[in-house]
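*Asks:*
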Amino acid sequence: MLYPSIDKLMTKIDSKYSLVSVAAKRARKLQTNAKPQLTKYVSHKNVGKALEEINEDQLTYRVNIPANLIED
């Protein structure tokens with residue numbers, strides 16, 4: 003079984019597309035020696051580490067909507 007599970011991760015981020023996008027971006031940063039957010043990881047791969055950070059609420063994201071697309 004994979005850790006963390008997709009069901010658990012989907013409670014943290016609203017769509018699979020967003021989840022993959024956030025995890026991939028963080029994995030690239032970890033690959034370039036970014037500071038780890040957790041003291042211990044289960045996974046030894048950067049994508050797994052990114053997913054663990056999301057699961058532990060150490061990694062979040064925000065959606066930027068251009069002002070001209072917001073309706074009053």
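Under this note's numbering, the letters of the sequence shown match residues 3 to 74, in that order.
By construction, the Cβ of each residue, glycine as well, lies at the ideal position given by its N, Cα and C atoms.
How do the segment 50 to 64 and the segment 17 to 33 stand: do at least 3 beta-carbon pairs fall below 8 Å, yes or no?
*Replies:* The segment 50 to 64, when compared against the segment 17 to 33, does touch it at the 8 Å Cβ threshold.
*Asks:* Over the uninterrupted alpha helix (DSSP H) stretch that includes Ala-52, give me the two end residues.
*Replies:* Ala-52 -> alpha helix (DSSP H) spans 48 to 57.
*Asks:* If you count every other CB in all the chains shown that lies within 10 Å of the CB of Ala-25, and 16 or more means buried, which is it?
*Replies:* That one is buried.
*Asks:* Can you give me the Cβ contacts of Asp-59 inside the same chain, cut-off strictly under 8 Å, excluding the 5 residues immediately before and after it?
*Replies:* Only Lys-14 meet the Cβ criterion.
*Asks:* Under 7 Å, do Val-44 and Tyr-5 count as touching if we go by C-beta distance?
*Replies:* Going by C-beta atoms, Val-44 is nearer than 7 Å to Tyr-5.
*Asks:* Just verifying my parser: in three-state terms, what is the DSSP assignment at Asp-16?
*Replies:* Correct three-state label for Asp-16: coil.
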